[in-house]
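What follows is one structure encoded as structure tokens, with my remarks underneath.
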Amino acid sequence: MLATSGEMFAFTDWSDGDLSTMDTNEDMRFKGLDLNLLVALDALMTKRSVTAAARSINLSQPAMSSAIARLRSYFQDELFRMQGRELITTPRAEALAPAIRDALLHIQFSIISWDMFNPAQSNRCFRIILSDFMTLVFFEKVVERVAREAPGVSFELLPPDDNPDELLRRGEVDFLIFPDVFMSSVHPKAKLFDQTLVSVGCLTNEQLLGDLSFERYMSMGHVAAQFGRALKPSVEQWLLLEHGYKRRIELVVPGFNLIPPLLSGTKRIAIIPLRLANHFAKNIPLRIVKHPLPHLSYTEAVQWPALHNKDQASIWMREILLHEAARIAAPRETAGCLGR
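Written out as structure tokens, the structure reads:
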């Protein structure tokens, strides 16, 4: 039978951790297939390591070897082979993987996880993709609240990924938190709050005195954030490209939080969200000015897998995210914070 551990599937905890202890009567199977073997194959395709896959579903190495042999026998395919330490899959295994993952997720969220969620007693771990900036100005409030209401609940915060839609589809993350313009239409989402973008530089940067013209802005050297191995542009860079403008970027960093300290003592400029600028201006000599392009803003949103839509734990977490977002957005930050 299938069981769950956090967001991962696991084999039922048999006393000796061996598939051979199962009742092998035909009525325990579906069309002759032991459904537990699908859990093993999913773990192998996800972990790409026999040892890691066995550990993730609480199987011993001999039990995993037995599962592999039975999978190969049932599907009449090698499925994978080891090349050194690398697991090389066959086309048949690659074709099976998404269908098996989807089937297991449907079982988990339609049947197994349907019980009422009790946050005070839960040990659920939520995996969330978000930027360093949103962790700093938003998620720390969420963590504080959850620590009070659900002390057993934990989080694994992940940096922006090159292919977040695939992680959502596979159910490997619970939420994405980033600009809604980067989100797909396949999964549900909800608005958190709007972000205003501002220009920032060192407090001693004389080019930022007075109104910042667009010509002067474009002539300056810029610091910009890019994300993931593919170095995807951040939202401010995307918005500028949408307007047809390309800046002279002199320094690229892997996150927004690195930008303010690297402006200190330089003539460079950057575009960051106003909330982040105000946060760093408390400890770093920053000058914050209006961006010369009017209404440069975007919407932060949260997105979750469609299969999680009725999951009680996901619903509870969504409510907390939306409530804390509303509290942050309530006293809206205005231009009064600019012109330092």
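Start counting at 1 in the sequence shown, then tack on 249, and there's your number in the working numbering.
Yeah, the Cβ is synthetic: ideal placement off N, Cα and C, and Gly gets one too.
It should be emphasised that the depicted structure is a prediction, and the values quoted were computed from it without experimental measurement.
It is roughly 35 Å from the alpha-carbon of residue 335 to the alpha-carbon of residue 551. Membership of residue 510 in the alpha helix (DSSP H) is indicated by the continuous run 508 to 512. In the DSSP secondary-structure assignment, residue 486 is not bridged to any residue. DSSP, read as helix, strand or coil, puts residue 388 in helix. For residue 511, the CB contacts under 7 Å within the same chain, skipping 5 residues up- and downstream, are 472, 500 and 502 in chain order.
Counting the other CB atoms within 10 Å of its CB gives residue 448 a total of 16 or more, which places it among the buried residues. If only uninterrupted beta strand (DSSP E) runs of at least 3 residues are considered, those enclosed by the region 410 to 439 are 424 to 428.
About 22 Å separates the Cβ atoms of residue 545 and residue 452, ruling out a contact at the 8 Å cut-off. Considering only 495, 366, 525 and 574, the residue with the shortest C-alpha distance to residue 564 is 366. About 6 Å separates the beta carbon of residue 387 from that of residue 577, a gap short enough to meet the 8 Å contact definition.
Its chain contains 457, 512, 518 and 536 as the residues whose beta carbon lies nearer than 6 Å to that of residue 450, once the 5 sequence neighbours on both sides are disregarded; these appear in chain order.
Here the alpha carbons of residue 282 and residue 350 stand approximately 16 Å from one another. Per DSSP, the beta bridge partners of residue 378 are 407 and 425.
The beta carbons of residue 508 and residue 485 sit about 10 Å from each other, so the pair does not count as a contact at 8 Å. About 6 Å separates the beta carbon of residue 371 from that of residue 401, a gap short enough to meet the 8 Å contact definition. The residues 329, in chain order, have a CB closer than 6 Å to that of residue 338 in the same chain once the five nearest residues on each side in sequence are set aside. Counting along the chain, residue 471 sits inside the beta strand (DSSP E) bounded by residues 470 to 476. Going by DSSP, residue 570 is part of the alpha helix (DSSP H) stretching over 561 to 578. Note on residue 420: 16 or more other CB atoms within 10 angstroms of its CB, so buried under the neighbour-count rule. Residue 558 counts as exposed, since fewer than 16 other C-beta atoms from the protein chains shown sit within 10 angstroms of its C-beta.
Taking a 10 Å sphere around the C-beta of residue 285, we find 16 or more other C-beta atoms and assign the residue as buried. Residue pairing of residue 519 in beta bridges, as defined by DSSP: 449. The beta carbon of residue 515 sits closer than 7 Å to the beta carbons of 451 from its chain, once the five residues preceding and following it are set aside; these are given in chain order.
Distances from the alpha-carbon of residue 315 to those of 289, 393, 435 and 380 put 289 closest. Excluding the 5 residues flanking it on each side, residue 533 has same chain C-beta neighbours closer than 7 Å at 509, 510 and 513, in chain order.
Shortest Cα-Cα distance from residue 489 to any of 526, 543, 528 and 437 involves 543. When DSSP states are grouped into helix, strand and coil, residue 550 belongs to the strand group.
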